[in-house]
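Single-structure report; data block below.
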């Protein structure tokens with residue numbers, strides 16, 4: 001069975017500082033990986049995804065993530081955060097296939113302080 | 115592109131009544147749609163997977179008679195919460211899968227049962 005672990009429930013950071021949100025997954029087969037962002041009382045917006053190819057994936061809003069198969073990780077990074085980046089971030093994994101179920105991590109609240 | 119809408123965005127109903135939530139893919143055809151439930155400050159919990167023209171597949175522990183799902187067309191899926199009770203109050207989010215493994219999420223529906 002697949003699972004996703006986001007060890008940090010909350011990450012406080014000052015504006016313009018770099019940030020890394022950690023995500024580790026477990027799966028016995030190849031997977032596809034995603035990061036989503038959720039603002040209060042809203043649905044999820046896709047930040048970036050890894051399906052295949054280059055392990056460094058660039059997404060929207062200046063975010064990027066690196067797929068590391070040996071470490072089974074897909075950490076999300078941004079070199080300089082803004083107040084507007086304050087939100088909940090979810091890492092998700094799917095095996096693909098007909099049903100394409102997404103397995104979500106528990107989320108990390110990124111709290112950007114001035 | 116790839117916009118998913120939900121209606122209503124908020125609904126308040128009395129205990130014992132039924133509530134219908136609509137999920138529409140506005141600019142693409144979705145053979146598969148998913149329904150999630152999210153409690154405050156928690157991750158998304160998959161309730162069911164809905165394929166157009168066939169019965170929904172429910173996750174373990176989700177009552178199929180209480181949460182009725184209909185996927186009548188390639189752009190519309192509905193979730194009906196029957197005989198709602200206060201414990202059904204939650205944030206319900208749908209997603210739709212396009213041609214790739216990516217899921218596009220709706221903005222969510224806040225259900226409050228009084």
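Chains as they are written, first to last, in my numbering: chain L, 1 to 114; chain S, 115 to 228.
The beta carbon of each residue, even a glycine, is placed where N, CA and C say it ideally should be.
| Check | Outcome |
| --- | --- |
| Tell whether a beta-carbon distance below 8 Å holds between residue 198 (chain S) and residue 127 (chain S). | yes |
| Kindly indicate if chain L contains any beta-carbon less than 8 Å away from that of residue 158 (chain S). | yes |
| In chain order, what residues of the same chain lie with their CB nearer than 7 Å to the CB of residue 173 (chain S), ignoring the 5 residues before and after it? | 160, 161 and 162 |
| For residue 29 (chain L), which residues of its own chain have a beta-carbon under 8 Å away from its beta-carbon, when the five flanking residues on both sides are left out? | 95 |
| Under a CB-based cut-off of 8 Å, is residue 216 (chain S) close to chain L? | yes |
| Could you have a look at residue 139 (chain S) and say whether DSSP puts it in helix, strand or coil? | strand |
| Any chance the segment 138 to 154 of chain S sits against the segment 77 to 90 of chain L, with 3 or more Cβ pairs inside 8 Å? | no |
| Between the segment 35 to 42 of chain L and the segment 129 to 145 of chain S, do three or more beta carbon pairs fall short of 8 Å? | no |
| What distance in whole Å lies between the Cβ atoms of residue 10 (chain L) and residue 111 (chain L), which are believed to be in contact at a cut-off of 8 Å? | 6 Å |
| Assign residue 82 (chain L) to one of two classes, buried (16 or more other C-beta atoms within 10 Å of its C-beta) or exposed (fewer than that). | exposed |
| Identify the contact partners of residue 104 (chain L) in chain S, using a Cβ-Cβ distance below 7 Å as the criterion. | 157 and 158 |
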